[in-house]
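Here the sequence shown stands for residues -21 to -1, 1 to 697, numbered as in mature numbering (1 follows the signal peptide of the UniProt record, and there is no 0).
Here a beta-carbon is modelled for each residue, glycine too, at the ideal position from N, C-alpha and C.
Have a look at the structure below before the remarks.
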Amino acid sequence: MRLRILLPALLIAVVSGGSSADTTRGIDSTGPTTQNNHGGWVNPEDLMPMPQCIAQQDQSAWLSAMTKCTRHRCTSHFGVICTHYQWLTQLSCLSVEFSPKTIERYVPYCSRSVLAKAQLHHWIQQVTGRTWLVHVGDTNGLRNLWPSSLVLGYGAIHDFDKAPVCLKSSLSSGSKESFQHVVGSCSFTSTTLHTGNAGRPWEYSTSKKSMVALSFDTVGYDLTKRHIPPGQYFDKSCLCGTFAIDHQHGPCAMSNQLELTKEMLWLRVTCGLAYMPADWATSLKVVGSSYIPVRDWYLPSPTRDFPEEIVDFTQQCTTDTCEIDSDGYCQVVPAVDRDCFCRKANYDVCQGPCQTLQNRRLYVEWLHDLCGDVKDWHGFPDDWPALLVPHSHDMVPWDWTVKPRFTRQPGNCPSSLQKIGSIALVNMATLAAVLLGTRTKHREPTRDPMLESSSPPWMLAGFILASIQLLGVYASASVVQNTPGYKEVPTLQLFLLWCTLPRVSWLTIFPSGVVPPSVKHLGPATSGLFAELVIQGFALFYMVMTVNYGRENGFYLGGLALAEGELFAYFMYVGALFWLLVVAAMSIPLIRTMHRIFNPTQHPKAFNGLECNADTNDESGLRESLLRSHGSADSAGHGSNYGAIPVTEEYKQTRPRPLVLLYVIMSMGLPLLWLAQWLFWIGYICVSMEEFCLPSLDTLTAVWIATSVGSVVVRSYL
């Protein structure tokens, strides 16, 4: 087995003796085991091969001692005639020549590793019979080695592949010995191996007139009487105690921070903390708080919502960094240099979509967590906590405004009180029209043709009533859009928003204004109900948008705390949520009722006057409770009276139950919707302030009054 790390120079030194063979055999390989002793003289090939630590040094003194003890002697006679001469080595001479003085020059190098020193001791003892090397007692402990004799243990030779190039090509700061040569002096194999010409380790060269070594034995771990897997290893304490590193001016320190980090991590794993400088960890380039792996780097929201500069900064500050693997070595991975990134990043780059409330909060919190503890970082304004609090424009769910393109002079925009007063004025005008219409009506039909028709004409009438008010809303939006400076105001969006305005036109659902419904009034009242249903349907868009926006930004869970105009913002969002809850509560019975109306054949009893008294308890109870509150108003009616409720025979026989139920549902829900819309608009107007700057408020108010009053007038003729 050939060593991979032993320097080629060692083999050159062996081969230079003239051998042409280069074989490798294990310690148990077949070879000369019996010396042919010729009166104290032996064949050189019968001597033990040269120890590894001697082969790695200058061998001249060692070979000189071998040569002094070697002679060309006769080994066979025929009478007095010598028939065979042979180069033999005198054992007693070796004991003299390999004196402590001769060995002394080799001991320091061989003492680097306890295994190499033990091998040298074994050679000297076998050849000379001496139990010490230079001084008596200097081999104590070498006779019985244990794995613990290697103080720092050992490492596999392939661990050197993980060392940085700058370390492997460096020189020891003290002896100027190369790193590779030091590793060679500390290396050993799992078992002792004969390297070179194992069958003939020594030979006398007549041309050189000297002994030459044709083989040497590697240091084997089996000297510890233990076995490890076959391979090449090194003594850690030998390497770490021999190779001195200049951590200030060494090749790795002068290279770059990544190479220096590789060196420090390799030395820590190999030698331990005892051999590391005191501040070795301060300059490491490893993943952690200072270097964030690219795989762990994240932006708190989609890239499209973040400034492009943030992505550019990330790419500019990405660098190769060490990630410590399970063995403690460096694995190079791309990472973002946090200090580099934070020197570039600040709040000012947060523009565009980043300025929305949710994205701004995410950006500020993310940047604060990332760079807040970086030394001398000042990327936020002094009042940066205010960035987390909703601003006035953040509390409005939509991104468009009603204000001129050019800046108006202060005071030219209607105040919040004026805008709220305008809505109140429209409601009061509508209420007055309803009351006035009640007093002027003097003739009422005894039968309602709407109810006798096989089709629901009250729906057509309801569409007409709704169209009048929707036309007024669209006209108002057109007035705003055609005002100079307001061209960018979206007409459709403003139209849908104004469909959420609170109106009292729902009072028209009460026949004769405020009296309970009878058969003579039920059709027109239902038309008014249906008109309100259509208008509230248009209002659904912005009410749902408001509730969803409030949910996403946590406005219902304290997200408005400390915000300017917090109370009015709560009015807006609570109003929208209240409106949505009322609509949800009305939707189920409303859908059931509409199904009965449009599918009369599936519910024949609902349109059979003779079956009217068979109403279920829940429907009749709901209806009767509503009518009982107004029972005294029709006490002069014809027919039987039950308590305070006048019930005419005509009413009993002709009232259609689904329409009555529709009337009950809407008349109970619409006042609550009206209240919710008031909360919504008071909050919205006070929050938006000059972002909702209406032009010609008097004109808009007049249009709203005209359409609201007009719908009441048209209703009175149905």
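How many angstroms separate the CA atom of residue i from the CA atom of residue j?
i	j	result
Leu94	Gly199	7 Å
Tyr656	Asn461	For clarity, residue 656 is Gln in the given sequence; the question names Tyr instead. C-alpha separation (whole angstroms): 27 Å.
Trp66	Ser305	58 Å
Thr62	Cys53	8 Å
Ser268	Leu346	14 Å
Thr335	Pro256	51 Å
Arg384	Ile567	45 Å
Ile684	Leu519	23 Å
Ser371	Trp259	53 Å
Thr46	Phe57	28 Å
Met243	Ile303	12 Å
Asp352	Cys321	10 Å
residue 698	Glu344	There is simply no residue 698 to check, as the chain begins at -21 and stops at 697 in what is shown.
Val452	Leu536	34 Å
Asn15	Gly175	23 Å
Ser604	Leu649	Note on Ser604: pLDDT 45, under 50, position unreliable in the model; the coordinate value appears next. Whole-angstrom Cα-Cα distance: 17 Å.
Asn119	Lys96	11 Å
Val468	Gly507	32 Å
Asp362	Val368	11 Å
Trp181	Pro313	56 Å
Met524	Thr678	29 Å
Pro286	Ser280	11 Å
Val75	Cys48	9 Å
Leu263	Arg247	12 Å
Glu156	Pro360	58 Å
Gln472	Phe442	22 Å
Arg179	Asp25	8 Å
Leu23	Ile103	At residue 23 the sequence reads Pro, which differs from the Leu that was named. Their Cα atoms are separated by approximately 15 Å.
Phe547	Thr298	50 Å
Asp140	Gly108	42 Å
Asn338	Pro332	7 Å
Lys466	Ser457	10 Å
Val290	Gly400	50 Å
Cys392	Glu669	7 Å
Leu193	Leu73	19 Å
Leu404	Ala540	33 Å
Tyr254	Trp245	12 Å
Thr261	Tyr277	26 Å
Pro126	His226	31 Å
residue 759	Gln330	Since the displayed the chain opens at -21 and closes at 697, residue 759 lies outside it and no answer follows.
Gly210	Met27	23 Å
Asn123	His100	12 Å
What are the partner residues of residue i, as DSSP defines its beta bridges?
i	result
Ser690	The partner list for Ser690 (beta bridge, DSSP) is empty, contrary to what the question assumes.
Ser401	Per DSSP, none; premise fails for Ser401.
Pro30	Asp196
Val312	Thr300
Tyr270	Asp316
residue 708	Lying outside -21 to 697, the shown extent of the chain, residue 708 is not represented and no answer is given.
Asp214	Tyr133
Ser184	Ser189
Trp477	For Trp477, which the question treats as bridged, DSSP gives no partner whatsoever.
residue 715	For residue 715 there is no data in the structure shown, the boundaries of the chain being -21 and 697.
Val381	Phe671
Below 6 Å, is the gap between the Cβ of residue i and the nearest heavy atom of the ligand MG?
i	result
Asn325	Summarising the ligand content, the structure contains no ligands, and the ligand MG is consequently not present.
Measure how close the beta-carbons of residue i and residue j come, nearest whole angstrom, since I'm counting them as under 8 Å.
i	j	result
residue 709	Ser152	Here the chain covers residues -21 to 697 and nothing more, so residue 709 does not appear.
Cys165	Cys217	4 Å
Gln69	Gly19	6 Å
residue 703	Gly132	This structure does not reach residue 703, given that the chain is present from -21 up to 697, and the question cannot be answered.
Thr197	Thr221	No, Thr197 and Thr221 are not in contact; Cβ-Cβ is about 18 Å, not under 8 Å.
Leu444	Ala510	4 Å
Val315	Val273	6 Å
Thr300	Tyr270	4 Å
| message | Below 8 Å, how does it come out for the segment 74 to 93 and the segment 112 to 121: are there three or more Cβ pairs, yes or no? | response | yes
| request: Specify whether the segment 36 to 49 and the segment 199 to 213 touch according to this definition: at least 3 beta carbon pairs, one from each stretch, less than 8 Å apart. | output: no
| Does the pairing of the segment 549 to 557 with the segment 518 to 532 give three or more beta-carbon distances under 8 Å? | yes
| field | Every unbroken alpha helix (DSSP H) within the segment 32 to 60, with a cutoff of 4 residues, ordered by chain | value | Listed in chain order, the complete alpha helix (DSSP H) runs (minimum 4 residues) inside the segment 32 to 60 are 39 to 47.
| query | With contact counted as at least three CB pairs below 8 Å, one residue from each stretch, are the segment 226 to 244 and the segment 143 to 150 in contact? | reply | yes
| query | Could you give the uninterrupted runs of the alpha helix (DSSP H) lying entirely in the segment 525 to 580, keeping only those of 4 residues or more? | reply | 545 to 577
| Runs of beta strand (DSSP E) wholly within the segment 54 to 131 (minimum 3 residues, chain order) | 60 to 69
| request: Indicate whether the contact test is met: 3 or more Cβ pairs, each with one atom in the segment 405 to 414 and one in the segment 678 to 694, closer than 8 Å. | output: Because the criterion of three Cβ pairs below 8 Å is met, the segment 405 to 414 and the segment 678 to 694 touch.
| query | Along the chain, which unbroken stretches of the beta strand (DSSP E) at least 3 residues long are found entirely within the segment 143 to 172? | reply | 166 to 168
| message | As an exercise, report each continuous beta strand (DSSP E) stretch of at least 3 residues that is fully enclosed by the segment 200 to 268, in chain order. | response | Within the segment 200 to 268, the complete beta strand (DSSP E) runs of at least 3 residues are 211 to 214.
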